[in-house]
Amino acid sequence: MNLNVPLNIMKSTLLATIIFWVVILSKNFHENIDIALYILVSMVPISICCTATILFTIAPFFWLENNNKTKRDVFKKWFPFYAILSFGLCFYGSISTPEIICFFSAAYFTSLQSWVWFASEKKLKHSI
Amino acid sequence: MKKLSLFIGAILFSTLFYRQNVGLNLTLFSLITFLVLSIYNPKSFKNRRTITLGFLYFITAISIFFYQSTLSIVANYVAFFTLVGSVSQHKSSIYINWINGLYTFIAGFFHRNFSVLENEQKVKPKKSIDYVQWIKIIGIPLVVLIIFISLYKNGNPVFNDLISKIDFSFLNFQWILFAALGYYLLYNISTPISIDPATEIDLTTNNYLNKIENFSIENTKKENQLGIILISLLNVLIVIFLITDFSFLFSSNDFRASIFSSQVHDGINALIASIIIAIIIILYFFRGNLNFYRENKTLKLLSYTWIVLNIILVANTAVKDYQYIYYFGLTYKRIGVLVYLLLTVIGLITTSIKVMQIKNFWYLLRVNTITAFAVLIICCTINWDKHITSYNLNYAKAIDFNYLINLSNNNTLLLKSYSDHLVLNSENKRLVTNKYNNYLNELKTRNWQELTYDNFKKELK
Chain A
2 MNLNVPLNIM KSTLLATIIF WVVILSKNFH ENIDIALYIL VSMVPISICC
52 TATILFTIAP FFWLENNNKT KRDVFKKWFP FYAILSFGLC FYGSISTPEI
102 ICFFSAAYFT SLQSWVWFAS EKKLKHSI
Chain B
1448 MKKLSLFIGA ILFSTLFYRQ NVGLNLTLFS LITFLVLSIY NPKSFKNRRT
1498 ITLGFLYFIT AISIFFYQST LSIVANYVAF FTLVGSVSQH KSSIYINWIN
1548 GLYTFIAGFF HRNFSVLENE QKVKPKKSID YVQWIKIIGI PLVVLIIFIS
1598 LYKNGNPVFN DLISKIDFSF LNFQWILFAA LGYYLLYNIS TPISIDPATE
1648 IDLTTNNYLN KIENFSIENT KKENQLGIIL ISLLNVLIVI FLITDFSFLF
1698 SSNDFRASIF SSQVHDGINA LIASIIIAII IILYFFRGNL NFYRENKTLK
1748 LLSYTWIVLN IILVANTAVK DYQYIYYFGL TYKRIGVLVY LLLTVIGLIT
1798 TSIKVMQIKN FWYLLRVNTI TAFAVLIICC TINWDKHITS YNLNYAKAID
1848 FNYLINLSNN NTLLLKSYSD HLVLNSENKR LVTNKYNNYL NELKTRNWQE
1898 LTYDNFKKEL K
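Here the protein sequences line up with chains A and B, keeping their order.
Read the first sequence against the working numbering and you will find it ends at 129, with the numbers running on by one and no gaps.
Read the second sequence against the working numbering and you will find it ends at 1908, with the numbers running on by one and no gaps.
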């Protein structure tokens, strides 16, 4: 199955960065206005995390599935279980180490959105 | 009206849970989720099963208000997932309801977001709210704006002064983020989703085994012989075990807690293993053709005997547990053993029904998960800590007072009353007074979201 992995990684990195920093900034927004550099620098490790997650945990579902199945089929078959597992791990992480809840919330929401982007890629091409 | 209910729900979610402990808030949130579900899915609430599950959900919510126990919180979550799953598909089994309920609660937004995109591909564009687009047009400019403000600040002192004067301290962004989370969760459950392959398979799978037309009589006969020999030997073994166990039970005069403890807990471990293996063996032999084999009566009889002997084994362990409780009082572990034994007996009875009425494995799974759910709901309505304390103080031959002190605050009033009316040694009296005073302080410092039934008791005011 053909997937536009680079585009998905870029979008995921952006989304993960937004969620990550929104959660951090929400604690004391008025005191953290000059952290632009950190936001930019943080995009490097975030993109690495996104790349690893997409390449090793999401894309294989589409690559390994039978060719006569559509992306929609793959999504409907595997996404629910991926979502439940991902929620379980991120929820456990958030409970056991609440200091890095920003990481787990970004990881959870971004990974699910990556699935949606992969599954609806065809539509995106048409709309462009 | 529908969207408004979600917004109000989100604001209430943040008001109820932001930096609060569990109490009245979870009870009220259960009410909110029930309202959202019923506003969005009025048809589902005409179904008797969904109404019953809604009622059970309420019971767990009320038990949280009364006892604030971990068990009632767990029961509340399980009842919630069952209700949401039942709204998504009321005919499916309870374990499928749990999966559907959990999935809807955590990822309903993404599933529906994908469905919207999918529909857009097939038919003309639909006028639904594109949440991703909203996140983009708010989130991206916000982050970029922050970056640029930060850069300009360093380049111009006047601009820096101007920015420094902007005070956002009146806004609580965490509270807003919490409300957004509430909106996400309520939006998720507003239209419950069913996981397709799993729900579909469950709906098309009935409780009965189907006869295969041309099965090999020879192979079935061999399997029947193997089953008869194996289950006969296991019957003999369990009878010998029961005789030796009963003789030990009636002859032993050693009432040390350690002896009872090892007896009950080792017995339980053996029981868990033996009953699981027993059910697997019976399921294996009665998985297909053997059910329809004419000469299977002996095997069936042996299986029923084995089930009855296993039930006697359960009763034997229950007697040991009862003796343990009689001499050394109630504890959660000892109650847990009794609950486990009850579930085991039900499991064994349903296994015999499965053999008798030629039912399949899914029947066992369905009936036993419903039983486990019912036991959980019943258990959450009981104030265990109070009952444990009351029993141990009034009937147990020996009391572990530290155990009672370490239980939750549900027994504090009882301990205080016991301490006031009966003679206790000074150390225990001090422990009770400490617990009571700490509890009073806790009650006084609670916010309205964290209130429980004890806050309204006159003797604590």
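The beta carbon of each residue, even a glycine, is placed where N, CA and C say it ideally should be.
Boundaries (first-last residue) of the alpha helix (DSSP H) holding residue i
i       : result
B:R1495 : 1495 to 1514
A:I101  : First-last for A:I101: undefined, no H or E at that position.
B:Q1467 : That residue, B:Q1467, is in no alpha helix (DSSP H); it is neither H nor E in DSSP.
A:L8    : 6 to 28
B:N1881 : 1873 to 1892
A:M2    : Per DSSP, A:M2 belongs to no alpha helix (DSSP H) and is neither H nor E.
A:F63   : 60 to 65
B:D1909 : With chain B covering 1448 to 1908 only, the question about residue 1909 of chain B has no answer from this structure.
B:D1768 : 1744 to 1775
B:N1841 : 1831 to 1841
A:T71   : Counting along the chain, A:T71 falls outside any alpha helix (DSSP H), and DSSP gives it neither H nor E.
B:D1847 : Element bounds for B:D1847: n/a, residue is neither H nor E.
B:T1691 : 1664 to 1698
B:N1607 : 1604 to 1612
B:I1623 : 1620 to 1637
B:I1520 : 1517 to 1535
Close Cβ partners of residue i (< 7 angstroms) along its chain, the five nearest in sequence each way excluded
i       : result
A:I47   : T14, A17, T18, F21
B:S1491 : T1497, V1534, H1537
B:K1811 : The question names Lys, yet the displayed sequence has Leu at residue 1811 of chain B. Cβ neighbours of B:L1811 beyond the five flanking positions: T1797, T1798, K1801.
A:S27   : none
A:E66   : M2, V75
B:S1679 : L1749
Residues near residue i in its chain [Cβ-Cβ closer than 6 angstroms; skip 5 each side]
i       : result
B:P1639 : V1531, V1534, S1535, T1551
B:N1830 : Y1514, N1857
A:F110  : I20
B:G1674 : F1732, L1746
B:F1476 : L1463
B:A1388 : Past the edges of chain B, shown from 1448 to 1908, lies residue 1388 of chain B, and the structure says nothing about it.
A:I25   : C103
B:L1840 : Y1865
Buried or exposed by the 16-neighbour rule on C-beta atoms within 10 Å, applied to residue i
i       : result
B:N1858 : buried
A:A53   : exposed
A:P81   : buried
A:H127  : Confidence in A:H127 is poor, its pLDDT being 43 and thus under 50, which makes the residue's placement unreliable; the coordinate value appears in the next sentence. It is exposed - the Cβ of A:H127 has fewer than 16 other Cβ atoms within 10 Å.
B:D1643 : exposed
B:P1572 : Below a pLDDT of 50, predicted positions are generally treated as unreliable, and B:P1572, at 49, falls in that range; no measurement from the model is reported.
B:T1798 : buried
B:I1729 : buried
B:N1807 : buried
B:R1734 : exposed
B:F1625 : buried
A:T98   : exposed
B:G1783 : exposed
B:R1813 : buried
B:T1646 : buried
B:V1686 : exposed
B:K1449 : exposed
B:R1781 : buried
B:L1851 : buried
B:I1636 : buried
B:L1873 : In the sequence under discussion, the amino acid at residue 1873 of chain B is Ser, which differs from the Leu named in the question. With fewer than 16 other Cβ atoms within 10 Å, it is exposed.
For residue i: DSSP bridge partner residues
i       : result
B:Y1655 : B:K1806
8 angstroms CB neighbourhood of residue i in its chain, flanking five on each side removed
i       : result
B:R1559 : T1638, I1640
B:A1522 : T1507, S1510, L1823, I1824, C1826, C1827
A:I10   : S48, C51, T52, I55
A:K124  : Low per-residue confidence applies at A:K124: pLDDT is 47, beneath 50, and the placement is therefore not dependable, though the value from the model is reported in the following sentence. Answer for A:K124: no residue qualifies.
Quick check: the segment 1663 to 1671 of chain B against the segment 1728 to 1740 of chain B, are at least 3 beta-carbon pairs closer than 8 angstroms?
Verdict: yes, contact present.
Would you call the segment 1787 to 1799 of chain B and the segment 1851 to 1867 of chain B in contact, with 3 or more CB pairs under 8 angstroms?
Between the segment 1787 to 1799 of chain B and the segment 1851 to 1867 of chain B, the count of C-beta pairs closer than 8 angstroms stays below three; the two stretches do not touch.
Kindly confirm or deny that the segment 1474 to 1487 of chain B and the segment 1453 to 1460 of chain B touch, where touching means at least three C-beta pairs closer than 8 angstroms.
The segment 1474 to 1487 of chain B vs the segment 1453 to 1460 of chain B: in contact.
Could you say if the segment 1536 to 1544 of chain B and the segment 62 to 80 of chain A meet the contact criterion of at least three C-beta pairs nearer than 8 angstroms?
They do not touch, by the three-pair rule.
Between the segment 1837 to 1851 of chain B and the segment 1773 to 1788 of chain B, do at least 3 Cβ pairs fall closer than 8 angstroms?
These segments touch.
Counting pairs of Cβ atoms below 8 angstroms between the segment 1719 to 1726 of chain B and the segment 1750 to 1770 of chain B, do you hit three or more?
Cβ pair count under 8 angstroms is three or more, so yes.
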